[in-house]
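Colleague: Supplied in structure tokens, the structure appears directly below.
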Amino acid sequence: MSRVWWESQGDRIRVPEQVNNPIFCSPSIYGKSGVTFGRQIGAYPILVGVPYLIPLETESDILVTGHGMRSISGVEIGLDINSVSQQQLESIPGIGKKAAWRIISSRAKASRNSKTPFDSVEMAFEMAGVDLSPIAQKVLSI
């Protein structure tokens, strides 16, 4: 699904605080724990939820990972393996808490020697001893 516009955090309805407080649009919240909701621009857009925070008033492409009666859940496409958060990794089907932690730990160890610890997504998973799923290949990048 392309061009999802992120409009609220924590609730499906946008509250005035999310409009008035600039922290909700700050890139510093990216990837932290929480839920962000968005919609495609259109006449009757479906609600999209991701299980981590994304700055509001931005847009991104997602890969659908689940659905409900009137909504879908997903994960952003094009997440950088060298900066992705543990929450973002855990939101990818096939990557649990332990695998996400192993990848983050491997990145921390590798970053001691280089500003860009991983040269490829495959390298990140290999160093962490985690199997690379087809979905993770679609979602993650360098």
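One point on numbering: in our numbering, the residue at position 86 of the sequence shown is 88, and numbering is uninterrupted. Heads up, the beta-carbon is just placed ideally off N, CA and C, and yes, glycines get one too. All values reported here derive from a predicted model rather than from experimental measurement.
(1) If I follow the unbroken beta strand (DSSP E) through Met127, where does it start and stop?
(2) Which whole-angstrom value is the C-beta distance of Ile105 and Ala126, which I expect to be below 8 Å?
(3) Provide the residue span of the beta strand (DSSP E) that contains Arg48, from first to last.
(4) Would you say Thr38 and Ile56 are within 8 Å of each other, going by their C-beta atoms?
(5) So Leu134 is in the beta strand (DSSP E); what residue range does that whole segment cover?
(6) Would you kindly report the start and end of the unbroken beta strand (DSSP E) that includes Ser35?
(7) Since Gln42 and Trp8 should fall inside the 8 Å C-beta cutoff, what is the C-beta to C-beta distance between them, to a whole number of angstroms?
(8) As a quick exercise: from Lys111, Ser87, Arg5, Asn84, pick the residue whose alpha carbon is nearest that of Ile48.
(9) DSSP state of Ile64, grouped into three classes?
(10) Considering Ala59, what are the terminal residues of the beta strand (DSSP E) in which it resides?
(11) Pull the bridge partners of Ser10 from the DSSP assignment, please.
(12) Let me make sure I understand the geometry here. Which of Ser73, Ile64, Ser107, Leu65 has the alpha-carbon closest to that of Ser85?
Modeller: The answer reads as follows:
(1) Before going further, note that residue 127 is Phe rather than Met in the sequence given. No beta strand (DSSP E) contains Phe127, which is instead part of the alpha helix (DSSP H) from 123–130.
(2) 6 Å
(3) According to the sequence as given, residue 48 is Ile; it is not Arg. From DSSP, Ile48 is part of no beta strand (DSSP E); its letter is neither H nor E.
(4) yes
(5) Neither: Leu134 is in no beta strand (DSSP E) and is coded neither H nor E.
(6) Note, Ser35: beta strand (DSSP E), 35–42.
(7) Their Cβ separation, rounded to whole angstroms, is 11 Å, which puts Gln42 and Trp8 out of contact at 8 Å.
(8) Arg5
(9) If DSSP states are grouped into helix, strand and coil, Ile64 belongs with the strands.
(10) The sequence as given places Glu at residue 59; Ala does not occur at that position. Note, Glu59: premise wrong, no beta strand (DSSP E); not H, not E.
(11) Phe39
(12) Nearest of Ser73, Ile64, Ser107, Leu65 to Ser85, Cα basis: Ser107.
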